[in-house]
Each structure stands twice: as structure tokens, then as C-alpha cells.
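Protein chains: 2
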Amino acid sequence: MTKYKGGMNNPLEIMKALSDRNRLRVAAALMTQNELCACNIIELLQVTGATASRHMDVLLRAGLVKSRKAGRWVHYRLNRSAAAPLFQWLETELQNDLDIKADRKTLVKITGCKK
Amino acid sequence: MTKYKGGMNNPLEIMKALSDRNRLRVAAALMTQNELCACNIIELLQVTGATASRHMDVLLRAGLVKSRKAGRWVHYRLNRSAAAPLFQWLETELQNDLDIKADRKTLVKITGCKK
DNA sequence: TTTATACTTAGTCATTTGGCTAAGAGTCAA
DNA sequence: TTGACTCTTAGCCAAATGACTAAGTATAAA
Numbered sequence: 000m001t002k003y004k005g006g007m008n009n010p011l012e013i014m015k016a017l018s019d020r021n022r023l024r025v026a027a028a029l030m031t032q033n034e035l036c037a038c039n040i041i042e043l044l045q046v047t048g049a050t051a052s053r054h055m056d057v058l059l060r061a062g063l064v065k066s067r068k069a070g071r072w073v074h075y076r077l078n079r080s081a082a083a084p085l086f087q088w089l090e091t092e093l094q095n096d097l098d099i100k101a102d103r104k105t106l107v108k109i110t111g112c113k114k
Numbered sequence: 000m001t002k003y004k005g006g007m008n009n010p011l012e013i014m015k016a017l018s019d020r021n022r023l024r025v026a027a028a029l030m031t032q033n034e035l036c037a038c039n040i041i042e043l044l045q046v047t048g049a050t051a052s053r054h055m056d057v058l059l060r061a062g063l064v065k066s067r068k069a070g071r072w073v074h075y076r077l078n079r080s081a082a083a084p085l086f087q088w089l090e091t092e093l094q095n096d097l098d099i100k101a102d103r104k105t106l107v108k109i110t111g112c113k114k
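Chains A and B, in that order, are what the protein sequence lines are.
Residue numbering for the first sequence follows numbering that gives the first Met the number 0, beginning at 0 and increasing consecutively.
Residue numbering for the second sequence follows numbering that gives the first Met the number 0, beginning at 0 and increasing consecutively.
Put into C-alpha cells, the structure is as follows:
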């Protein structure tokens, strides 16, 4: 179930959504992970559920991610069509980001265990 | 004279720099105007010189613009190489932005008079 | 060498942002 | 239906942000 449906939002809203380190980390994570549930994001960012939820809401409102509810879980994935060239550029740039690289390793562990 | 020299800065800093409406307006203006002096930017944004100066400093630190001092004037231009794909994407998206379109008209007047 | 001009820096203030806790809503299992 | 679990909403607080005024720096003109 997608709360804020599709479409391109304005560039300013998109920039604002990506101007926070934790939201940028989530976007980067979704570039390699295809899909993550809220609990994965909580574990990755090491923040409370409430905080993660609000961050995901910002990304949703900007149109950068889509959400899908499955039972008690909410799964997020990138809405690549929203800003494909932007994502592509980011993906390249973030290759060199040490924190993002560390996150990638963490994600393997997080998504590995099915707790 | 370039205060913060060339190079690519990290994506987060770039996103932060572009996550403010006024700074996005300046970036958009520099996409069509090639070069603007501080006083042009003051007039465009309708803010004090101090405010404009601080905004330009953020853009400079992010590496998105370059500055050149000529006598009493400081001229700014886009540092396109810093994030060419990003600028290209922005340029496309901002085509539909009403405020940006209005700014373009304003800029013709501003850069026209040599006060 | 004053004086004016163009911009920057410092300091202040209101608003926004991002974190938290606590309470609420929705879903599944016992 | 009760309880456990996952996520969201509301409310609070500290820190960051963007605006202003006032004072400082640098350059050019008188």
C-alpha cells in the first residue's frame, strides 16, 4: 500500500529530503538492497522506531521511496523513476563515502537474520 | 579569486546547499545567467547583503559555485564540473517551477541595468 | 586622505529540524 | 478477546538554520 502515491515532486522537496545524513543513508541502502522493512532501517540507523518512521515519511512525501505493507511489516523500496538521473549521480558519488560503505556491510548482517 | 577551491564535495553537503529555496533560486539563476554579481543576487532574492553573502558562502563551500573578485564586485558562476549530472537534472526539473520562471524574467531586468 | 561603495563577519532572534518518550492504531497468534 | 508485535502520531526539547542589524574590511573615487 503506497501512502503518498507516485509522481515527481518538486526538486526543493527532494533536495530537502536528501539533505539529512540518515535519510541519505537510507536512500543509499535502498540502492543496493532493493527492499528494506522499517525494522531493518531502525537497526541500520540505530534510532528509535518513531524517528525512523518520520524519516521514511519525509522520503515518501518527496516521492523518493514507495512503501508496501505486508502484515505487520512495512517494506520500503526506491522509487527510481521519481528522479533516475539524481539517483544515478548519487550512487556514483556515494561509492567513496566511508559511512555508506560501512552501512553496506552492516546491511548484509541485518537482512541476513530473519528476526 | 576563488575562496574555496574547486573539487567535488561530498553529496550530503551538496544536498544541504541545495535544500534551501533561495539557494536553489540562485543555482537556477546561474544556469541561465553564466555570471551574476552579489548585488544581482541581493536584488533577485530581495534579502539583505549579509543574508545573500552567507547563502553564497554555503554554495561556495559545497563547491557548487566559483567566485571572482573584480574591484569592489564579486562575481559568481556555476561550477558545473562539480556535479554536472545533478545540475542537468535540476535544470530539467526546474523548467516547470513557476518561481524560477518568474526569476528568469526578473533577471533580464536586473542584469540589464548597470547601476 | 577622506568618503562612498560592495561585500563579509559577528551577534541576535524566531523558526525549523531531528532526536527522544509515551501513547495510539493495525495485525496476527493464542 | 487478549496479548504481543510493528509501526505511526503527538508532544517535548536541544541544536541547527535563515533572517535581520550593526560593525568591519577592502576597493575605488573625490
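Glycine included, each C-beta is placed from N, C-alpha and C at the ideal position.
Chain B contact for residue i (CB, 8 Å cutoff)
{"i": "Asp96 (chain A)", "result": "yes"}
{"i": "Ala82 (chain A)", "result": "yes"}
{"i": "Thr11 (chain A)", "result": "Note on identity: in this sequence residue 11 (chain A) is Leu, with Thr being the wrong assignment. Closer than 8 Å to some Cβ of chain B, the Cβ of Leu11 (chain A) qualifies, so yes."}
{"i": "Lys104 (chain A)", "result": "no"}
{"i": "Gln87 (chain A)", "result": "yes"}
{"i": "Met55 (chain A)", "result": "no"}
{"i": "Leu63 (chain A)", "result": "no"}
{"i": "Leu23 (chain A)", "result": "yes"}
{"i": "Leu93 (chain A)", "result": "yes"}
Residues near residue i by beta carbon distance below 7 Å, same chain, minus five either side
{"i": "Lys113 (chain B)", "result": "Annotation note: pLDDT 40 at Lys113 (chain B) (below 50); position unreliable, coordinate value reported separately. Closer than 7 Å at Cβ, skipping near neighbours: no residue."}
{"i": "Asn39 (chain A)", "result": "Ile109 and Thr110"}
{"i": "Thr105 (chain A)", "result": "Leu43"}
{"i": "Arg76 (chain B)", "result": "Leu29, Asn33, Glu34, Val64 and Lys65"}
CB contact flag (residue i, residue j, <8 Å)
{"i": "Leu35 (chain A)", "j": "Ala28 (chain A)", "result": "yes"}
{"i": "Ala51 (chain A)", "j": "Leu59 (chain A)", "result": "no"}
{"i": "Ala82 (chain A)", "j": "Leu97 (chain A)", "result": "no"}
{"i": "Met126 (chain B)", "j": "Glu92 (chain B)", "result": "Outside the displayed span of chain B (0 to 114) sits residue 126 (chain B), for which this structure offers no information."}
{"i": "Leu85 (chain B)", "j": "Trp88 (chain A)", "result": "yes"}
{"i": "Asn21 (chain A)", "j": "Val57 (chain A)", "result": "no"}
{"i": "Asp115 (chain A)", "j": "Arg53 (chain A)", "result": "Missing from the structure shown is residue 115 (chain A); chain A here goes from 0 to 114 and no further."}
{"i": "Met55 (chain B)", "j": "Met14 (chain A)", "result": "no"}
Test: residue i CB closer than 8 Å to a CB of chain A
{"i": "Arg20 (chain B)", "result": "yes"}
{"i": "Lys100 (chain B)", "result": "no"}
{"i": "Leu17 (chain B)", "result": "yes"}
{"i": "Met194 (chain B)", "result": "An answer regarding residue 194 (chain B) cannot be provided, because it is not within the stretch 0 to 114 covered by chain B."}
DSSP three-state assignment for residue i, whether helix, strand or coil
{"i": "Leu85 (chain A)", "result": "helix"}
{"i": "Arg67 (chain B)", "result": "strand"}
{"i": "Leu59 (chain A)", "result": "helix"}
{"i": "Val73 (chain B)", "result": "strand"}
{"i": "Leu17 (chain B)", "result": "coil"}
Sequence-distant residues of the same chain with beta carbon closer than 8 Å to residue i, five excluded per side
{"i": "Asn78 (chain B)", "result": "Gly5, Gly62, Leu63, Val64 and Lys65"}
{"i": "Met0 (chain A)", "result": "Per-residue confidence for Met0 (chain A) stands at a pLDDT of 45, beneath the threshold of 50, marking its modelled position as unreliable; no derived number is given."}
6 Å CB neighbourhood of residue i in its chain, flanking five on each side removed
{"i": "Pro10 (chain B)", "result": "none"}
{"i": "His74 (chain B)", "result": "Glu34, Cys36 and Arg67"}
{"i": "Glu12 (chain B)", "result": "Ala61"}
{"i": "Asn8 (chain B)", "result": "Ala61 and Gly62"}
What are the residues in the stretch 30–57 of chain B lying within 8 Å of chain A by C-beta distance? Residues: none.
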